[in-house]
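Chains as they are written, first to last, in the numbering used here: chain A, 23 to 476; chain B, 23 to 476.
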């Protein structure tokens with residue numbers, strides 16, 4: 023055997039042994055995750071005690087203190103709060119949307135104000151309603167047909183896609199921009215079909231944005247069942263009246279925090295792997311799938327490392343971000359601080375796609391980083407995971423300009439929009455094992471990134 | 023260019039074009055499945071009108087007639103019933119399991135008789151209870167400790183596995199054989215921890231078998247929460263008394279049916295691709311995940327072919343099997359008839375693993391068949407599916423001796439045992455899109471098998 027062959031053979035065998043060793047370590051990580059009930063109990067506690075954690079709210083602040091204490095109990099080496107100023111929008115519950123027809127009678131539809139939308143005046147708004155299925159149609163109808171009316175955007179999420187986030191991407195524009203687009207033609211208010219793929223009586227809220235140049239009009243989401251009823255009624259009576267009443271306002275901006283826990287690196291503690299979810303939620307739910315689970319995933323990475331006595335070379339930093347839902351102030355503050363401190367972030371990982379069975383990782387990075395992940399594919403095949411190029415995450419996105427590779431946990435998305443931003447997003451909708459597969463997946467990938475770099 | 027190269031190039035390009043064409047057809051199949059609500063409505067109807075479809079029961083017979091009519095409405099070319107004799111075991115509901123302690127008080131545990139178990143005498147059984155975690159422990163304790171007692175098998179399903187069916191495989195032995203094993207040492211009855219990975223108050227039933235040489239004693243499953251409570255109480259009082267009362271019996275064997283629908287092949291109608299689920303369910307649930315969904319999957323293959331005007335070369339035969347849960351008489355009758363008629367079954371596919379997101383296919387066949395499936399892997403990557411060697415299915419298994427390749431649809435198993443054989447297995451637990459991904463997966467694979475053989 024030539025010496026170069028021998029050398030090659032040794033290298034190859036080293037790789038084989040390393041993969042074997044890594045495969046054993048990863049199996050023990052998954053085993054630990056699947057057998058632990060701690061994150062499930064923590065999620066239960068968070069959801070039941072500090073539901074409706076919209077940034078700036080009392081419950082958000084309580085959740086922050088709880089998160090700090092919880093990470094201390096889990097044995098993180100350092101736990102601290104990182105300041106971030108947040109907006110503080112509040113909504114009076116039990117919005118009214120009464121639909122009445124001289125021909126058909128009347129019914130109350132379930133609606134919820136969209137995040138950061140203005141309310142109606144104290145007396146509410148009464149007006150005719152017009153159904154619109156696209157911005158093109160809105161434009162075509164123009165001021166003549168729209169002025170003085172309530173615009174009902176009945177854009178249905180598209181069932182064609184395998185990944186439901188693509189359907190969400192198509193539809194979210196109506197929720198985010200519908201009010202200002204309709205206000206261009208002097209609409210009085212907008213009602214948006216909830217972003218969900220199921221028939222349900224529960225409306226789904228979410229952030230909206232006003233064009234500052236245009237008159238701000240109230241915006242609500244209507245449940246999909248009520249959207250279908252409203253559409254049916256409109257086919258039978260195009261003179262329908264709607265009475266809409268919502269009450270929202272901004273309180274002064276308030277000081278809030280990201281919650282950070284670190285497992286200190288043994289060799290190069292100044293180099294950091296960030297993993298996070300967001301602690302805030304909408305104000306109509308427990309925020310279990312969105313994104314209590316992501317917080318649990320990120321906390322579990324630390325717990326599992328401690329429990330299995332895995333001593334990382336680099337610092338593993340778990341971040342419970344504040345304010346993903348409205349203005350991403352937590353994510354921005356985090357990126358600003360890493361930049362001002364000139365920190366080296368090896369990679370940033372995020373979980374914000376629910377607590378269902380994980381399917382893989384998407385990387386927002388360069389080709390060689392994707393290639394490196396692909397070499398680890400065999401290690402994740404027993405757990406059904408794949409790697410692909412794609413989106414990292416909302417909270418870690420501000421790190422991109424520092425050149426940090428961003429990695430998102432891809433989770434089975436089929437049921438996500440059954441729950442997201444609606445009152446059904448509760449602890450009971452999360453299955454412990456499915457959630458813990460996500461914990462194991464993140465901990466395993468971080469174990470490899472820590473060992474081999476990215 | 024040498025002529026052989028040219029020939030090779032043409033072959034290669036043919037393959038490329040074929041894959042492109044197949045990819046488009048498969049996309050249209052999934053699109054059709056994901057947009058259709060028919061199967062979801064059919065599942066709703068089946069579950070709400072003909073729940074508790076244990077073989078031999080009135081509801082099973084009604085479901086058979088409904089299944090026939092439903093397939094006729096879907097446009098199958100031929101629909102018929104195939105005779106099969108079935109056992110007819112019945113259970114009086116509201117079994118009693120009262121646990122009492124002179125020290126701790128008493129509580130009623132939720133139990134359910136295991137399938138085909140004998141009942142207690144009319145007055146019930148009262149006895150001390152002993153907790154056992156394995157057959158080894160039972161043997162070690164022997165007659166001295168066991169005789170006259172109720173044996174409580176508290177074997178917990180193992181969380182270590184990624185696929186929960188492996189944990190089920192480990193634990194099912196206690197449910198199936200626990201009674202006869204305990205009766206060897208003169209136990210009076212057995213209580214089995216329900217086969218589920220969650221904490222729940224709902225007991226999960228399932229088939230059990232007696233060793234005909236050994237005295238038959240009553241067997242029940244206890245909910246996992248009550249199993250934990252019983253175990254805790256036993257630690258504090260090893261003199262616990264249990265009063266157990268169940269009432270079961272066999273009625274005479276009865277004539278039942280598999281329901282069969284065919285889409286006639288255009289070229290070789292005498293060659294058949296079989297796809298099936300089972301129509302029977304346990305007598306405590308709606309049988310939605312187990313296996314109403316499998317029936318819908320199998321029916322959807324025909325509906326999708328008709329709707330997209332896909333004209334198969336071979337006959338596509340959908341079978342709603344009777345009696346998977348107890349004695350698999352339907353599957354056996356089907357195999358007997360294909361054999362006696364000397365039919366050519368190209369492949370048999372089965373869906374009996376719930377209505378969650380599909381993950382792939384497992385083939386019980388030879389290496390070249392697995393290789394052939396693997397060449398189609400790129401076509402299924404957009405839908406996250408893999409192929410592997412493995413189990414085909416209970417109902418199609420009798421076809422194995424005729425050399426038929428058997429293919430099982432692999433479905434995300436994390437939540438399956440939350441529902442299986444318990445009262446929570448209802449229509450509402452099934453998500454339309456997840457179920458329809460299974461329909462699209464089966465229809466796509468059958469499209470390829472029909473076109474290229476296996």
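Built from N, CA and C at the ideal position, the CB exists for glycine as well. From a predicted model like this one, the values you see are computed outputs, not experimental measurements.
Buried versus exposed, by CB contacts within 10 Å (16 or more), residue i
i              : result
residue 133(A) : buried
residue 127(B) : exposed
residue 272(A) : exposed
residue 39(B)  : exposed
residue 404(A) : exposed
residue 269(A) : buried
residue 169(B) : exposed
residue 474(B) : exposed
residue 322(B) : buried
residue 242(A) : buried
residue 46(B)  : exposed
residue 257(B) : exposed
residue 42(B)  : exposed
Opening and closing residue of the alpha helix (DSSP H) in which residue i lies
i              : result
residue 177(B) : It is not in any alpha helix (DSSP H) - residue 177(B) carries neither H nor E in the DSSP assignment.
residue 159(A) : 157-168
residue 93(A)  : 80-95
residue 443(A) : No alpha helix (DSSP H) holds residue 443(A); DSSP gives it neither H nor E.
residue 351(A) : 351-362
residue 70(A)  : 60-71
Simplified DSSP state of residue i, which is helix, strand or coil
i              : result
residue 23(A)  : Residue placement at residue 23(A) is flagged as unreliable, the pLDDT there being 49, under the threshold of 50; a coordinate-derived value is accordingly withheld.
residue 226(B) : coil
residue 436(A) : coil
residue 344(A) : coil
residue 383(A) : strand
residue 402(B) : helix
residue 136(B) : coil
residue 184(A) : coil
residue 111(A) : strand
residue 372(B) : strand
residue 278(B) : strand
residue 197(B) : helix
residue 473(A) : helix
residue 325(B) : helix
Beta strand (DSSP E) segment containing residue i, residue limits
i              : result
residue 453(A) : No beta strand (DSSP E) contains residue 453(A), which DSSP labels as neither H nor E.
residue 151(A) : 147-154
residue 296(B) : 290-300
residue 389(B) : From DSSP, residue 389(B) is part of no beta strand (DSSP E) but of the alpha helix (DSSP H) over 389-397.
residue 243(B) : 241-244
residue 213(A) : 211-215
residue 238(A) : Looking at the DSSP string, residue 238(A) is not in any beta strand (DSSP E), and its letter there is neither H nor E.
residue 98(B)  : Unbroken run through residue 98(B): none, as it is neither H nor E.
residue 408(A) : 408-411
Beta-ladder partner(s) of residue i, from DSSP
i              : result
residue 317(B) : DSSP lists no partner for residue 317(B).
residue 122(A) : 128(A), 263(A)
residue 105(B) : 279(B)
Chain A within 7 Å of residue i, Cβ atoms only
i              : result
residue 184(B) : yes
residue 463(B) : no
residue 456(B) : yes
residue 488(B) : Absent from the structure is residue 488(B), since the part of chain B shown begins at 23 and ends at 476.
residue 54(B)  : no
residue 434(B) : yes
residue 215(B) : no
residue 351(B) : no
residue 224(B) : no
residue 176(B) : no
residue 181(B) : yes
Closer than 7 Å to chain B by CB, residue i
i              : result
residue 379(A) : yes
residue 64(A)  : no
residue 325(A) : no
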